[in-house]
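Asks: Just so you know, the sequences run in chain order A and B. For the first sequence, position 158 matches number 158 in my numbering, and the numbering has no gaps at all. For the second sequence, position 319 matches number 808 in my numbering, and the numbering has no gaps at all. The beta-carbon is built from N, C-alpha and C at its ideal position, and this holds for glycine as well. Handing you this structure, nothing more for now.
2 protein chains.
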Amino acid sequence: MADDKKLTTRAADFSAWYNEVVLRAALADYSPVRGCMVIRPNGYGIWERMQRALDDMFKATGHRNAYFPLFIPESFLHKEAQHVEGFAPETAVVTHGGGKKLEEPLIVRPTSETIIYSMFAKWVQSYRDLPLLINQWANVVRWEMRTRLFLRTLEFLWQEGHTAHATYDDAEEEARRMLGVYSDFMEGWMAMPVVTGQKTDAERFAGALRTYSCEAMMQDNKALQAGTSHNLGQNFAKAFDLKFQAEHGGQEYAWNTSWGVSTRLVGGLVMTHGDDVGIRIPPLLAPIELVIVPIYRSDDERERMLEAADRIMRALADWERRDPGRLRVHLDDRDGMKPGAKYYEWELQGVPLRLEIGPRDLEKNQAILVRRDTREKRPVSLNTLGEDVADLLTRIQEDMLIAARERREEHSMRHRISYDDFRALMDGEGAFVYAGWCGSPECEAQIKEETKATIRVLPDEEFRSAETPSTCLKCGRPATAEALWAKAY
Amino acid sequence: MADDKKLTTRAADFSAWYNEVVLRAALADYSPVRGCMVIRPNGYGIWERMQRALDDMFKATGHRNAYFPLFIPESFLHKEAQHVEGFAPETAVVTHGGGKKLEEPLIVRPTSETIIYSMFAKWVQSYRDLPLLINQWANVVRWEMRTRLFLRTLEFLWQEGHTAHATYDDAEEEARRMLGVYSDFMEGWMAMPVVTGQKTDAERFAGALRTYSCEAMMQDNKALQAGTSHNLGQNFAKAFDLKFQAEHGGQEYAWNTSWGVSTRLVGGLVMTHGDDVGIRIPPLLAPIELVIVPIYRSDDERERMLEAADRIMRALADWERRDPGRLRVHLDDRDGMKPGAKYYEWELQGVPLRLEIGPRDLEKNQAILVRRDTREKRPVSLNTLGEDVADLLTRIQEDMLIAARERREEHSMRHRISYDDFRALMDGEGAFVYAGWCGSPECEAQIKEETKATIRVLPDEEFRSAETPSTCLKCGRPATAEALWAKAY
Numbered sequence: 001m002a003d004d005k006k007l008t009t010r011a012a013d014f015s016a017w018y019n020e021v022v023l024r025a026a027l028a029d030y031s032p033v034r035g036c037m038v039i040r041p042n043g044y045g046i047w048e049r050m051q052r053a054l055d056d057m058f059k060a061t062g063h064r065n066a067y068f069p070l071f072i073p074e075s076f077l078h079k080e081a082q083h084v085e086g087f088a089p090e091t092a093v094v095t096h097g098g099g100k101k102l103e104e105p106l107i108v109r110p111t112s113e114t115i116i117y118s119m120f121a122k123w124v125q126s127y128r129d130l131p132l133l134i135n136q137w138a139n140v141v142r143w144e145m146r147t148r149l150f151l152r153t154l155e156f157l158w159q160e161g162h163t164a165h166a167t168y169d170d171a172e173e174e175a176r177r178m179l180g181v182y183s184d185f186m187e188g189w190m191a192m193p194v195v196t197g198q199k200t201d202a203e204r205f206a207g208a209l210r211t212y213s214c215e216a217m218m219q220d221n222k223a224l225q226a227g228t229s230h231n232l233g234q235n236f237a238k239a240f241d242l243k244f245q246a247e248h249g250g251q252e253y254a255w256n257t258s259w260g261v262s263t264r265l266v267g268g269l270v271m272t273h274g275d276d277v278g279i280r281i282p283p284l285l286a287p288i289e290l291v292i293v294p295i296y297r298s299d300d301e302r303e304r305m306l307e308a309a310d311r312i313m314r315a316l317a318d319w320e321r322r323d324p325g326r327l328r329v330h331l332d333d334r335d336g337m338k339p340g341a342k343y344y345e346w347e348l349q350g351v352p353l354r355l356e357i358g359p360r361d362l363e364k365n366q367a368i369l370v371r372r373d374t375r376e377k378r379p380v381s382l383n384t385l386g387e388d389v390a391d392l393l394t395r396i397q398e399d400m401l402i403a404a405r406e407r408r409e410e411h412s413m414r415h416r417i418s419y420d421d422f423r424a425l426m427d428g429e430g431a432f433v434y435a436g437w438c439g440s441p442e443c444e445a446q447i448k449e450e451t452k453a454t455i456r457v458l459p460d461e462e463f464r465s466a467e468t469p470s471t472c473l474k475c476g477r478p479a480t481a482e483a484l485w486a487k488a489y
Numbered sequence: 490m491a492d493d494k495k496l497t498t499r500a501a502d503f504s505a506w507y508n509e510v511v512l513r514a515a516l517a518d519y520s521p522v523r524g525c526m527v528i529r530p531n532g533y534g535i536w537e538r539m540q541r542a543l544d545d546m547f548k549a550t551g552h553r554n555a556y557f558p559l560f561i562p563e564s565f566l567h568k569e570a571q572h573v574e575g576f577a578p579e580t581a582v583v584t585h586g587g588g589k590k591l592e593e594p595l596i597v598r599p600t601s602e603t604i605i606y607s608m609f610a611k612w613v614q615s616y617r618d619l620p621l622l623i624n625q626w627a628n629v630v631r632w633e634m635r636t637r638l639f640l641r642t643l644e645f646l647w648q649e650g651h652t653a654h655a656t657y658d659d660a661e662e663e664a665r666r667m668l669g670v671y672s673d674f675m676e677g678w679m680a681m682p683v684v685t686g687q688k689t690d691a692e693r694f695a696g697a698l699r700t701y702s703c704e705a706m707m708q709d710n711k712a713l714q715a716g717t718s719h720n721l722g723q724n725f726a727k728a729f730d731l732k733f734q735a736e737h738g739g740q741e742y743a744w745n746t747s748w749g750v751s752t753r754l755v756g757g758l759v760m761t762h763g764d765d766v767g768i769r770i771p772p773l774l775a776p777i778e779l780v781i782v783p784i785y786r787s788d789d790e791r792e793r794m795l796e797a798a799d800r801i802m803r804a805l806a807d808w809e810r811r812d813p814g815r816l817r818v819h820l821d822d823r824d825g826m827k828p829g830a831k832y833y834e835w836e837l838q839g840v841p842l843r844l845e846i847g848p849r850d851l852e853k854n855q856a857i858l859v860r861r862d863t864r865e866k867r868p869v870s871l872n873t874l875g876e877d878v879a880d881l882l883t884r885i886q887e888d889m890l891i892a893a894r895e896r897r898e899e900h901s902m903r904h905r906i907s908y909d910d911f912r913a914l915m916d917g918e919g920a921f922v923y924a925g926w927c928g929s930p931e932c933e934a935q936i937k938e939e940t941k942a943t944i945r946v947l948p949d950e951e952f953r954s955a956e957t958p959s960t961c962l963k964c965g966r967p968a969t970a971e972a973l974w975a976k977a978y
């Protein structure tokens, strides 16, 4: 295989490492359409598990799924002034259908606020119809010029939640609740710690009153905006005449929220956990949690070991795990391939646990378990294998979150930093820098221009420093808020 | 509510009944984009359960999910001659992206053979890479002029399986296997019996060697093509240079299959099982299997009944059902709405079972179960409620299939019929007519022109008549095959 040469290391070239590992682990591939990727089964399997977990969380918080058209009449996009300004430049436009030129061009949805709130206006009559809590799993298209597999593609898959409420407070509560769901998912399932907070006006979603975000640190110390939640106020309700009969009489405009995460998360997972031998998938999101590799030297041994491995696989797959369902086990019974080559491939693909079993292990009624995250090996008795595997998977999930959190904290700066040092840091290894901000868009814009760092969020209380910074990182005037600065994807 | 007036009956106007019931049961709605529908939560919930069941069946037969681009370069469509002829006239074309005219227009996929096999050509090197068994859940666009909710829309949701094999036999086996999976799903989950068989050349998929289909009878005696599976031969492999190193040396072109079902199935479900009060969902596909309606006359009674109903709901939801997972139960605790109004709504929406409980029932430690399919009522003890509900749901699932099969058989004709009688039948109430065919495309085309009936399939052996028809329905010459004729959606 041409893939036998070693991966570029993260230290040598993080960006090259990322592309290589995504391609070699067969998560995705380039397509013949500029900027569009193919998500291969290994990558899609992770996305499917992400979808399942998120979907369960959305349903547990009262949301229902629906599906709205891919196409949006061009005029709809123009009904909300900021929205069109934000999205019109990056749209794909259908001008012909069925062999004829269309009277009105159709936009391939870059996001669905306009089409969805036009439907909400039809469905909502009274306060009794509220809250209306809808989610959609869909593809969207944004005409990006510089694309990266998973991180920024012309077309991507995502979910977009859209809700309507009777009051500002209800909408605000919903926007915050869904930010919390995202944060819980990213830490609990992806083992990817995030800082939550509010975006500045410059970074707000086009058409929103407020945008909240989850920001994760990648291993090159850049931030990944991993999910956002918007309080849309009444902007879209007014544009689409989304009114309701209030409980105490009179017609009022509804209050909306929208929130989304995308296949970008798969890229975030790779850049949070990958190492120089491949990706590392947290057990909860791994399509295969444990791979069994039988070891043998002769045909006779092969038969015995395959039989034993098959027995172990069945026992593990049948083993009653309380949570999260049956163990996902795969037996690698390919012949004509050495165990070492198999290890190499499964490590590249990030399977959390490997079970090796050879004739001498079998004699001792044991097997060897190898963790992908730490590459630690240990023998285990076959008698208690189910419990041991389940416990170890739980441990790996926890340890991956702890490791990622420690890494982030090591590369976060909370003490006073001069602007010159800040520039040097951003030019060099990068970091999450918590620093004062005077609140002026000018300081924000200048820093961005000079360092490429942006305010990722004004962090929520739990992420703020014990001692509030008193002066602006840039201008030295009194700070009105603490801001989290970083370069970002 | 404006919806309080009665539904048009099926007998009065089946087509009007269908549109009304889809809208009133809130399965779908018209959108502001011509020919595109919105799938509302009630409809999407059914689709989600269909997806889950089919996806499990695809995985159990060795397929893995992936995702390919929405856009297809126009030149790709032209690489397979029949394919472009079939699909080019009904495409939506993106001519502008990011504010600029594109060098090559992009087609919004009407189906993905071209883009997928171009990727397969990149991934497949050797016979060891085969079979390659891929499925994609996606939206597709076909520029239809006359659209119907679920049945024929510009955009629809579907899955498309795409596979590559080393031999013709392997591909043929796969095409038949997936037809069997569809048929099992339609009968086992949708309670919708189907006739399987092969399409004639006139009705074959554009680019296929052979097309197999599942055909279901709707209550207006028209056929619905519910799912198709294609043996594509080497047509696409040759067009996209999909070759492999054969086991015994030399380069060979791979053999492909593709197969798909779509949101059209939701329309099929409605037209198979709906009655004059609403839709009827087979339990296995019902997002809610049982709805609890508490009955009370005073505030005091209300409190007691809600408490009891809540207890029952929890007990049922916790009850350990072996298969297919937990009971899906909903408590309708809306205040200010009479039980009758609730019954009306849940019957319209097709929930398979209703549990009514009032103060006198509670005293007797019982509740009333009402089947949606037969509207039969019976008291049940609260002590054995879990078992009784589970058994009844199983029964309903079975009975719905039996009823649909009996209905179809009543409207199927297998005895000799003159062409004049056939025309009269197709002009009138319609039917599935099994009759001889001489094999000539002219007879097929003439019958279609004169009666609007088409050959749905040349039925598989198990659906053929005991006595093979000897002459062609149209021309009287010797028959070369038995054909199933019907008008179709």
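Below 8 Å between beta carbons is the criterion; list the residues of the segment 647 to 668 of chain B that meet it against any residue of chain A, in chain order.
Replies: Flagged: no residues at all.
Asks: How many Å lie between residue 836 of chain B and residue 764 of chain B at the Cα?
Replies: Taking the straight line joining both Cα atoms gives about 10 Å.
Asks: Among B/679, B/588, B/652, which residue has its Cα nearest to the Cα of residue 719 of chain B?
Replies: Out of B/679, B/588, B/652, B/652 has the C-alpha closest to the C-alpha of residue 719 of chain B.
Asks: Can you look up residue 475 of chain A in the DSSP assignment and give me helix, strand or coil?
Replies: Three-state DSSP puts residue 475 of chain A in coil, outside helix and strand.
Asks: Taking CB distances under 8 Å as the criterion, tell me whether residue 528 of chain B reaches chain A.
Replies: So yes, residue 528 of chain B belongs to the interface.
Asks: Using a Cβ-Cβ distance cut-off of 8 Å, determine whether residue 33 of chain A contacts chain B.
Replies: True, the Cβ-Cβ gap to chain B drops below 8 Å.
Asks: Let me know the alpha helix (DSSP H) ranges lying completely inside the segment 855 to 941 of chain B, each 4 residues or longer, listed in chain order.
Replies: Taking only runs of at least 4 residues, the alpha helix (DSSP H) segments lying wholly in the segment 855 to 941 of chain B are 874 to 899, 908 to 916, 930 to 940.
Asks: What are the residues that DSSP puts in a beta bridge with residue 703 of chain B?
Replies: The partner list for residue 703 of chain B (beta bridge, DSSP) reads B/685, B/716.
Asks: Just curious, the alpha helix (DSSP H) that residue 762 of chain B is in, first and last residue?
Replies: Element bounds for residue 762 of chain B: 753 to 762.
Asks: Does any CB atom of chain B fall closer than 8 Å to the CB of residue 98 of chain A?
Replies: It does; some Cβ of chain B falls within 8 Å.
Asks: Measuring only the C-alpha atoms, how far is residue 1 of chain A from residue 69 of chain A?
Replies: In this prediction, residue 1 of chain A has a pLDDT of 40, which is less than 50 and means its spatial position is unreliable; what the coordinates show is noted afterwards. Whole-angstrom Cα-Cα distance: 44 Å.
Asks: Can you give the Cα-Cα distance for residue 755 of chain B and residue 766 of chain B, rounded to whole angstroms?
Replies: Cα to Cα, residue 755 of chain B sits roughly 18 Å from residue 766 of chain B.
Asks: If we call anything under 8 Å between Cβ atoms a contact, is residue 157 of chain A one with residue 833 of chain B?
Replies: It is not a contact, given that the beta carbons lie outside the stated cut-off.
Asks: Give the straight-line distance between the Cα atoms of residue 412 of chain A and residue 432 of chain A, rounded to the nearest whole angstrom.
Replies: Going by the C-alpha atoms only, they are around 5 Å apart.
Asks: Would you be able to state if there are at least three C-beta pairs under 8 Å between the segment 348 to 367 of chain A and the segment 386 to 406 of chain A?
Replies: The segment 386 to 406 of chain A vs the segment 348 to 367 of chain A: in contact.
Asks: Thinking C-alpha only, which one of B/601, B/668, B/618, B/615 is nearest residue 630 of chain B?
Replies: Of B/601, B/668, B/618, B/615, the residue nearest in Cα terms is B/601.
Asks: Whose CA, out of B/626, B/603, B/739, lies closest to the CA of residue 721 of chain B?
Replies: Nearest of B/626, B/603, B/739 to residue 721 of chain B, Cα basis: B/603.
Asks: In chain B, which residues lie less than 7 Å from residue 143 of chain A when you measure between Cβ atoms?
Replies: Simply 586, 587.
Asks: Taking 8 Å as the CB-CB limit, is residue 576 of chain B close to chain A?
Replies: It does not; no Cβ of chain A falls within 8 Å.
Asks: So, with DSSP's three-state summary, where would you put residue 281 of chain A?
Replies: If DSSP states are grouped into helix, strand and coil, residue 281 of chain A belongs with coil.
Asks: Quick check on residue 35 of chain A: buried or exposed, where buried means 16 or more other Cβ atoms within 10 Å of its Cβ?
Replies: Looking at its Cβ environment, which holds 16 or more other Cβ atoms inside 10 Å, residue 35 of chain A is buried.
Asks: What are the complete beta strand (DSSP E) segments, minimum 3 residues, inside the segment 43 to 90 of chain A?
Replies: Runs found: 71 to 73.
Asks: So is residue 125 of chain A buried or exposed if we call it buried at 16+ other beta carbons inside 10 Å?
Replies: Residue 125 of chain A is exposed by the Cβ-count criterion.
Asks: Does residue 48 of chain A get closer than 8 Å to chain B when you measure Cβ to Cβ?
Replies: Interface residue, yes.
Asks: For residue 484 of chain A, which beta-bridge partners are listed by DSSP?
Replies: Residue 484 of chain A pairs with A/434, A/457.
Asks: Got a sec, what are the start and stop residues for the alpha helix (DSSP H) residue 510 of chain B sits in?
Replies: Run containing residue 510 of chain B: 503 to 513, per the alpha helix (DSSP H) assignment.
Asks: Going straight from the alpha carbon of residue 710 of chain B to that of residue 186 of chain A, what length do you get?
Replies: So the two alpha carbons sit approximately 52 Å from each other.
Asks: Do residue 947 of chain B and residue 970 of chain B have their C-beta atoms closer together than 8 Å?
Replies: Their beta carbons are under 8 Å apart, which means residue 947 of chain B touches residue 970 of chain B by this criterion.
Asks: Once the 5 residues before and after residue 673 of chain B are set aside, which same chain residues still bring their CB inside 8 Å of it?
Replies: These residues qualify, in order along the chain: 546.
Asks: What are the boundary residues of the beta strand (DSSP E) that includes residue 605 of chain B?
Replies: Counting along the chain, residue 605 of chain B falls outside any beta strand (DSSP E), though it belongs to the alpha helix (DSSP H) covering 602 to 612.
Asks: Put residue 588 of chain B into one of helix, strand or coil per three-state DSSP.
Replies: If DSSP states are grouped into helix, strand and coil, residue 588 of chain B belongs with coil.
Asks: Give a yes or no on whether 8 Å exceeds the smallest Cβ distance from residue 828 of chain B to chain A.
Replies: With 8 Å as the cut-off, residue 828 of chain B does not count as an interface residue toward chain A.
Asks: Along the chain, where does the beta strand (DSSP E) that runs through residue 161 of chain A open and close?
Replies: Its beta strand (DSSP E) spans residues 155 to 165.
Asks: Just to confirm, is the Cβ distance from residue 91 of chain A to residue 107 of chain A under 8 Å?
Replies: Yes, these two residues count as a Cβ contact at 8 Å.
Asks: Please list the residues of the segment 318 to 337 of chain A that have a C-beta atom closer than 8 Å to any C-beta atom in chain B, keeping them in chain order.
Replies: Within the segment 318 to 337 of chain A, no residue qualifies.
Asks: Do we get a CB-CB distance below 8 Å when we pair residue 556 of chain B with the residues of chain A?
Replies: By this cut-off, residue 556 of chain B is an interface position.
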